[in-house]
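Asker:
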Amino acid sequence: MARIDVTLVVPCYNVEPYLDQALTSAEQNDRCNLEIIAINDGSTDGSLAIMREHAAHDARIRVIDKPNSGYGANCNIGFASARGTYLAILEPDDYVRPHMYDRLYEFALRYAQPDIVKSAYWNVTQSPAGEVEAPCSYFNCVFPPHQPFRIAEEPTLIQQHPSIWSALYRRDFIDRRGIRFKEVPGGGWVDTPFLVQTMCQAESIVYLNECLYCYREQLPGSSSAFKLSDMPFERWQDMADVLRQLGVTDRGVWQSLYIRGFDYVQHVVENGGMEDPHYAGLVRELFAKWDPALMDDLPVVVPERKRRYYEVLGKPVPADLDAVYRRGKELSFAKTLRYYGMGAFLARARGVAARSAGAGDGE
């Protein structure tokens with residue numbers, strides 16, 4: 376049997392409008408030995424027929440047809456069925472640039488096949504003129520001191536959207552550590568604890584600062600499209616539990632988890648949830664779990680978000696919130712210039728200016 380370099384797991388439930396594009400984009404990898412496991416999770420539309428049509432024309436595709444059990448269970452089934460040196464996930468309403476998995480596997484070979492190969496991605500949003508692609512928030516903002524590295528050396532990767540699909544994971548690392556997805560109905564935000572489990576147990580991570588995966592944001596019916604939900608707070612607690620179970624004490628890693636928490640709180644604020652006693656209570660409970668000693672120098676968090684933390688808990692608001700934020704941003708921008716060059720620096724500055732002119736600078 377030929378060696379398989381990468382197993383790509385595609386968990387599918389009622390994704391007929393997008394699935395052909397997703398599978399076609401994955402098939403455009405021809406330098407690594409790729410297998411694609413397409414899992415039909417009890418779809419009631421034409422998804423299964425599309426999978427079978429692709430499998431009939433590409434021997435690298437295997438189809439698993441099963442009753443509905445949710446995203447996490449499907450990924451676990453795909454991982455258990457995989458034969459590749461590396462594992463990857465393609466969400467079927469997304470797509471990838473040609474040769475994404477070839478590129479990531481070749482990058483892995485440069486560094487003696489590390490536990491995780493991570494890349495940037497494109498955010499794809501809908502506009503009146505059609506779909507628009509923009510680099511993700513951590514593009515040009517990840518500064519590993521060397522390659523490979525461990526997450527404590529560059530915790531930026533757990534501050535951001537989980538984006539677990541813009542990576543490769545060594546299968547023997549996943550199996551050795553016993554890492555599996557939480558199994559709940561639907562999507563269930565199970566990517567968040569998986570991110571922490573993988574990043575915090577990996578002994579070697581490499582980062583490729585290229586946008587290769589195309590992630591469609593806020594599609595109707597997706598778990599990320601919920602207006603208000605308890606789920607982000609439940610999954611934040613799951614992530615915190617993982618850190619405690621692993622004995623993680625690194626300051627930067629915990630601060631990165633707090634930054635994720637601030638994003639969840641901001642979602643509540645933007646959707647009027649602070650006027651609802653239930654969601655206001657969830658925010659208060661979340662803030663009360665945080666170590667105040669990690670708040671003072673917490674970098675790159677917009678001052679108004681930190682101010683809300685102190686006000687909700689009835690604590691004095693430090694006078695230097697703006698100065699701490701400014702110093703953090705200046706340091707981050709200086710790193711972008713030093714690490715990636717003037718072009719990246721200017722592109723990042725333009726992106727921040729655009730966000731500030733629109734919905735506000737959320738960096």
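Following the numbering used here, the numbering of the sequence shown begins with 376 at its first residue and continues without gaps.
Note that CB positions come from ideal geometry on N, CA and C, so glycine has one too.
Would you tell me roughly how many angstroms separate the C-alpha atoms of histidine 642 and proline 607, rounded to the nearest one?
Answerer: 10 Å
Asker: Look at serine 541 and serine 494 and say whether their C-beta atoms are less than 8 Å apart.
Answerer: yes
Asker: Can you tell me which of the three DSSP states alanine 434 falls into?
Answerer: coil
Asker: Buried or exposed, going by whether 16 or more other CB atoms sit within 10 Å of the CB of tyrosine 500?
Answerer: For the sequence presented, residue 500 should be read as threonine rather than tyrosine. So threonine 500 counts as exposed.
Asker: Nearest by alpha-carbon distance to tryptophan 497: which of Pro510, Ala487, Tyr486, Ile464 is it?
Answerer: Looking only at Pro510, Ala487, Tyr486, Ile464, the smallest Cα-Cα distance to tryptophan 497 is reached by Pro510.
Asker: Considering only C-alpha positions, which residue in the set Ala434, Leu712, Val492, Arg682 is nearest to glutamate 410?
Answerer: Closest option to glutamate 410, judged by alpha-carbon separation, among Ala434, Leu712, Val492, Arg682: Ala434.
Asker: Near aspartate 477, what residues of its chain come up, given a Cβ to Cβ distance below 6 Å and the 5 sequence neighbours on each side ignored?
Answerer: Asn404, Arg406, Cys407
Asker: By the three-class DSSP mapping on this structure, what secondary structure does threonine 711 have?
Answerer: Correct three-state label for threonine 711: helix.
Asker: Under the DSSP definition of a beta bridge, which residues are partnered with leucine 543?
Answerer: Val492
Asker: Please identify the residue among Leu661, Pro530, Gly627, Asp651 whose C-alpha is closest to the C-alpha of aspartate 672.
Answerer: Closest by C-alpha distance to aspartate 672, out of Leu661, Pro530, Gly627, Asp651, is Gly627.
Asker: Nearest-angstrom Cα distance between phenylalanine 662 and arginine 472?
Answerer: 39 Å
Asker: Would you kindly work out how many angstroms separate the C-alpha atoms of serine 444 and leucine 587, rounded to a whole number?
Answerer: If I take the Cα positions, the gap works out to 29 Å.
Asker: Is the CB-CB distance between cysteine 387 and methionine 426 below 8 Å?
Answerer: It is a contact, given that the beta carbons lie within the stated cut-off.
Asker: So glutamine 576 packs on arginine 552, CB below 8 Å; how close in whole Å?
Answerer: 5 Å
Asker: Under three-state DSSP, which class holds asparagine 584?
Answerer: strand
Asker: Does the pairing of the segment 464 to 471 with the segment 519 to 530 give three or more beta-carbon distances under 8 Å?
Answerer: Cβ pair count under 8 Å is below three, so no.
Asker: Measuring only the C-alpha atoms, how far is glutamate 650 from alanine 487?
Answerer: Roughly 53 Å between the two C-alpha positions.
Asker: Apart from the five residues just before and just after aspartate 395, which ones in its own chain have a Cβ nearer than 6 Å to its Cβ?
Answerer: Ile425
Asker: Relative to the alpha-carbon of alanine 397, which residue among Arg458, Val381, Ile464 has its alpha-carbon at the smallest distance?
Answerer: Ile464
Asker: Please say whether proline 667 and leucine 696 have beta carbons closer to each other than 8 Å?
Answerer: no
Asker: Check lysine 664 in the structure and name its three-state DSSP category.
Answerer: In the three-state reduction of the DSSP assignment, lysine 664 falls in the coil class.
Asker: Look at the alpha carbon of valine 617 and the alpha carbon of proline 568, and state the distance between them as a whole number of angstroms.
Answerer: 7 Å
Asker: Return the CA-CA distance between aspartate 416 and histidine 432, expressed in angstroms with no decimal places.
Answerer: 22 Å
Asker: Once DSSP output is grouped into helix, strand and coil, what is the label at lysine 704?
Answerer: In the structure shown, lysine 704 sits in a helix (DSSP, three-state: H, G or I).
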